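Visitor: Below are the structure tokens for one structure; questions will follow.
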Amino acid sequence: DETCNQTGNTENVTKPYNTNIGYLASTTGNISGIYDMSGGAHEFVMGIMLDEAGKIISGYSEENNSGFNGKLIENDSDFTEGIDLPNSKYYDNYAFANNYSVFHRRILGDATGELGPFRINENNRQISSWYQNEAWMPSKRYPYFVRGYNSASGIGSGIFAFSWYDGGINTSSSYRIVLAL
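Residue numbers (my numbering): 1 to 181.
Have a look at this one:
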């Protein structure tokens, strides 16, 4: 139906949840399901790409970095004005790559290893086979992971979407706190 997979906040796109078309936004297709599984905000996660020598990358530049001590890509220097990373059990390290389409670096258990196959869609966006959510691995310019995507990505956003980020601050992104024992 042409009313699905549209983005925006106008009346012709946004429908109340308790209507026949509103139920379609539910995971169960009825009023009792979970809503808003797509869109929302990018969520920062602790997925960090290493440089060619296996060192932590802090981010792209002094202006765009995670705040953790590590390497800056822009000038190939160390950033030591930040804080040390937490214990390594709290984050995933990904092998270095210059290209965001190098998927052999996926890690089983972080929801990148489970997704695929991957392809380029008709809008020139890289997507996984899971609900056509966008899928981009970290690359040299963008060494950090974000999850979810925002509503501007339309059908490409969702709980299975993942992408790269430079590590800097972004007011349209959020994060999720997870208790790990």
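Just so it is clear, CB atoms sit at the ideal spot from N, CA and C, and this is done for glycine as well.
Note that the structure is a prediction, hence the values are computed from the model and not measured.
#1: Cβ of residue 65 within 8 Å of Cβ of residue 79?
#2: Using the Cβ count rule (16 or more neighbours within 10 Å means buried), how would you classify residue 144?
#3: Mind reading off the beta-carbon distance from residue 92 to residue 76? Whole number of angstroms is fine, and I expect it under 8 Å.
#4: So, helix, strand or coil for residue 154, using DSSP?
#5: Can you find the residues in the same chain that come closer than 6 Å, C-beta to C-beta, to residue 129, ignoring five residues on each side of it along the sequence?
#6: First and last residue of the beta strand (DSSP E) that includes residue 137?
#7: Would you kindly work out how many angstroms separate the C-alpha atoms of residue 45 and residue 10, rounded to a whole number?
#8: Is the Cβ-Cβ distance between residue 43 and residue 147 less than 8 Å?
#9: Where do the ends of the beta strand (DSSP E) carrying residue 93 lie?
#10: Starting from residue 147 and walking both ways along the beta strand (DSSP E), at which residues does that stretch end?
#11: Could you check where the beta strand (DSSP E) with residue 164 kicks off and where it finishes?
#12: Compute the Euclidean distance between the alpha carbons of residue 211 and residue 122, then round it to the nearest angstrom.
#13: Secondary structure at residue 113, three-state DSSP: helix, strand or coil?
#14: With DSSP run on the structure shown, which of helix, strand or coil describes residue 108?
#15: For residue 165, is the classification buried or exposed, using 16 other Cβ atoms within 10 angstroms of its Cβ as the cut-off for buried?
#16: Compute the Euclidean distance between the alpha carbons of residue 160 and residue 53, then round it to the nearest angstrom.
#17: Which same chain residues, not among the five before or five after residue 33, have their C-beta less than 7 Å away from its C-beta?
Guide: Short version:
#1: Remark: C-beta atoms of residue 65 and residue 79 approach each other more closely than 8 Å.
#2: It is buried - the Cβ of residue 144 has at least 16 other Cβ atoms within 10 Å.
#3: Residue 92 to residue 76, Cβ: 24 Å. No contact.
#4: The answer is helix: DSSP assigns residue 154 an H, G or I state.
#5: Within its own chain, the residues whose Cβ lies closer than 6 Å to the Cβ of residue 129, once the five positions on either side in sequence are excluded, are 117, listed in chain order.
#6: Unbroken run through residue 137: none, as it is neither H nor E.
#7: One C-alpha to the other measures close to 31 Å.
#8: Yes, they are a contact pair.
#9: That run of the beta strand (DSSP E) goes 92 to 94.
#10: Where residue 147 is concerned, the enclosing beta strand (DSSP E) stretches over 144 to 147.
#11: If you look at residue 164, you'll find it in the beta strand (DSSP E) that goes 162 to 165.
#12: No answer is possible for residue 211: the residues shown for the chain start at 1 and end at 181.
#13: Looking at residue 113 - three-state DSSP - the assignment turns out to be coil, as it is neither helix nor strand.
#14: Coil at residue 108, not helix or strand.
#15: By the 10 Å Cβ count, residue 165 comes out buried.
#16: Whole-angstrom Cα-Cα distance: 30 Å.
#17: Annotation for residue 33: 26, 27 place their beta carbon closer than 7 Å to its own, counting only its chain and skipping 5 residues before and after.
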